[in-house]
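Peer 1: Numbering (the working numbering), first residue to last: 275 to 672.
Take a look at the following structure, please.
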Ligand code: SF4
């Protein structure tokens, strides 16, 4: 038996990848320990979405190499065809493999023992279930299709089995994750995302269901109907915008205009909408940036994940980075300030209103639309609340 620690950097797909490796190691009889205590093995699931993410991944690997005998670097940055991890200590292994192959590779290298570990949960309340991986779009700035490959989907049966298992383990919320969820297809069993949402949402015992993210072109009538007609679905949707300027969107090779983005979200006016935006793309002028602020405001977005543009190797815009760092920093700060203000405004709307909160940590939880609440109730409980006031961290329950 080996002891191991595991961490991930980046998005929810990275989280589920780390989870898969963890489950496999636990299933093989290895024992998890907190990273700060040190262990035989560390698994660091890396991210490469920006230069900064790669730098942090490298830093995490260096740190782990000091306190673990072996370190496995997995995930997106490990698959980036660059020397991002050159010169790391000898006990670090870079696992440049697809996510489906990674748990088996790491487990095989660590050495399976075959005894069964009963509790294979990462998070008691919420579980992330991957339904799809890879992306067949080719946005000009994005390295993900290069490191994760083309879109492919799990069978609906495998997804539904995993959801049932997670619910039996005690998870009350399921988040369906993937790189490009709207591309989900189980052709043999005739499933697309809307049907999968309906059937996952009908799993007995499941209280909440969310999508991690969806491209706006996939937000069509069929999906909106499935979201609205499935009682377990939370009123929250994360829809990447990237830019509100049509010229920049074209240069990014996104597949929509700002007006399409706004039109497709019109029918979700009661949902809490969040987004991603890239700041400082090479053709982003000041006026173009301001159009991003305008579209975010018009769409009613309450939270923006801001990514200062950094060129990624192998992409169409790999050699382009003309917006000065100081300008990117200033625009990022303005966008974050707008996001904070919109978020606070939504929280204030909840004062005096009722909601149902799923408590996922001591003293905290999320309402139906994924707004954060501060509430005094046991972890894992769904509680009825009324908004009393707003603090910096969320809505205070009366
Ligand atoms: S849709 Fe575009 S940004 Fe998203 S993963 Fe695919 S290529 Fe990257």
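Even glycine gets a Cβ: it sits at the ideal position worked out from N, Cα and C.
Please indicate yes or no: does the CB of residue 246 lie closer than 6 Å to some heavy atom of ligand 1?
Peer 2: This structure leaves residue 246 out entirely; the chain is present only between 275 and 672.
Peer 1: Contact between the segment 501-520 and the segment 565-580 is defined here as three or more beta-carbon pairs at a separation below 8 Å; is this criterion met?
Peer 2: Judged by Cβ distances under 8 Å, the segment 501-520 makes contact with the segment 565-580, as three or more pairs qualify.
Peer 1: Please go through the same chain and pick out, in chain order, the residues whose beta-carbon is closer than 7 Å to the beta-carbon of residue 335, but skip the five residues on each side of it.
Peer 2: Numbered from its first residue, the chain shown carries residue 335 at position 61. Result list for residue 335: 318, 345, 347, 359, 362, 366, in chain order.
Peer 1: Express the C-alpha separation of residue 507 and residue 586 in angstroms, rounding to a whole number.
Peer 2: Within the chain shown, the letter at position 312 stands for residue 586. Within the chain shown, the letter at position 233 stands for residue 507. Those two C-alpha atoms are separated by around 35 Å.
Peer 1: Determine the burial state of residue 311: buried for a count of at least 16 other Cβ atoms within 10 Å of its Cβ, exposed for fewer.
Peer 2: Reading the chain shown from its first residue, position 37 is the one you call residue 311. So residue 311 counts as exposed.
Peer 1: What is the DSSP secondary structure of residue 414, reduced to helix, strand or coil?
Peer 2: Translated into positions along the chain shown, residue 414 becomes position 140. It is coil, neither helix nor strand.
Peer 1: So, residue 474 versus residue 467, is the Cβ gap smaller than 7 Å?
Peer 2: Sequence index remark: in the chain shown, residue 474 carries index 200 (1-based). Sequence index remark: in the chain shown, residue 467 carries index 193 (1-based). No.
Peer 1: Using the three-state DSSP reduction, which class does residue 448 fall into: helix, strand or coil?
Peer 2: Counted from its first residue, the chain shown places residue 448 at position 174. Reduced to three states, the DSSP call for residue 448 is strand.
Peer 1: I'd like to check one pair, residue 632 with residue 640: are the Cβ atoms closer than 7 Å?
Peer 2: Position 366 of the chain shown holds residue 640. Position 358 of the chain shown holds residue 632. Yes. Within cutoff.
Peer 1: Below 8 Å CB to CB, which residues in the same chain sit around residue 581 once its five sequence neighbours on both sides are set aside?
Peer 2: As a first step, residue 581 must be located in the chain shown, where it is residue number 307. Result list for residue 581: 323, 324, 550, 551, 552, 553, in chain order.
Peer 1: Cβ-heavy atom distance between residue 636 and ligand 1 below 6 Å?
Peer 2: Taking the chain shown and counting its residues from 1, one reaches residue 636 at position 362. No, since every heavy atom of ligand 1 falls outside the 6 Å radius drawn around the Cβ of residue 636.
Peer 1: Give me the residue from 486, 441, 434, 478 with the minimum Cα distance to residue 465.
Peer 2: Here residue 465 corresponds to residue number 191 of the chain shown, with the count starting at 1. Comparing Cα positions, the closest option is 434.
Peer 1: How should residue 320 be labelled, buried or exposed, when 16 other C-beta atoms within 10 angstroms of its C-beta is the threshold for buried?
Peer 2: What you label residue 320 is simply residue 46 of the chain shown in a count that begins at 1. Its Cβ being crowded by 16 or more others within 10 Å, residue 320 is buried.
Peer 1: For the beta strand (DSSP E) that contains residue 319, what are its first and last residues?
Peer 2: For the purposes of this step, residue 319 is taken as residue 45 along the chain shown, with counting starting at 1. Segment 313-320, the beta strand (DSSP E) holding residue 319.
Peer 1: Relative to ligand 1, is the shortest distance from any of its heavy atoms to the C-beta of residue 575 smaller than 6 Å?
Peer 2: Residue 575 sits at position 301 when you count from the first residue of the chain shown. Checking the Cβ of residue 575 against ligand 1 gives no.
Peer 1: For the segment 599-607 against the segment 622-630, are there 3 or more C-beta pairs whose distance is under 8 Å?
Peer 2: No, they do not touch.
Peer 1: Cutting at 7 Å between CB atoms, please list the residues of its own chain near residue 592, excluding the five before and the five after it.
Peer 2: As a first step, residue 592 must be located in the chain shown, where it is residue number 318. 585, 586, listed in sequence order.
Peer 1: Return yes when the C-beta of residue 552 is under 6 Å from any heavy atom of ligand 1, and no when it is not.
Peer 2: Translated into positions along the chain shown, residue 552 becomes position 278. For ligand 1, not one heavy atom lies less than 6 Å from the Cβ of residue 552.
Peer 1: For the 8 Å Cβ check, are there 3 or more pairs between the segment 559-566 and the segment 493-511?
Peer 2: With the cut-off at 8 Å, the segment 559-566 and the segment 493-511 do not touch.
Peer 1: Helix, strand or coil: which one does DSSP assign to residue 562?
Peer 2: Reading the chain shown from its first residue, position 288 is the one you call residue 562. Three-state result, residue 562: helix.
Peer 1: For residue 605, does the count of other Cβ atoms within 10 angstroms reach 16, so buried, or fall short, so exposed?
Peer 2: Residue 605 sits at position 331 when you count from the first residue of the chain shown. Buried, because 16 or more other Cβ atoms sit within 10 Å of the Cβ of residue 605.
Peer 1: Where the beta carbon is closer than 6 Å to any heavy atom of ligand 1, which residues qualify, in chain order?
Peer 2: Cβ-based neighbours of ligand 1 within the cut-off: 409, 411, 412, 413, 416, 418, 419, 453, 454, 489.
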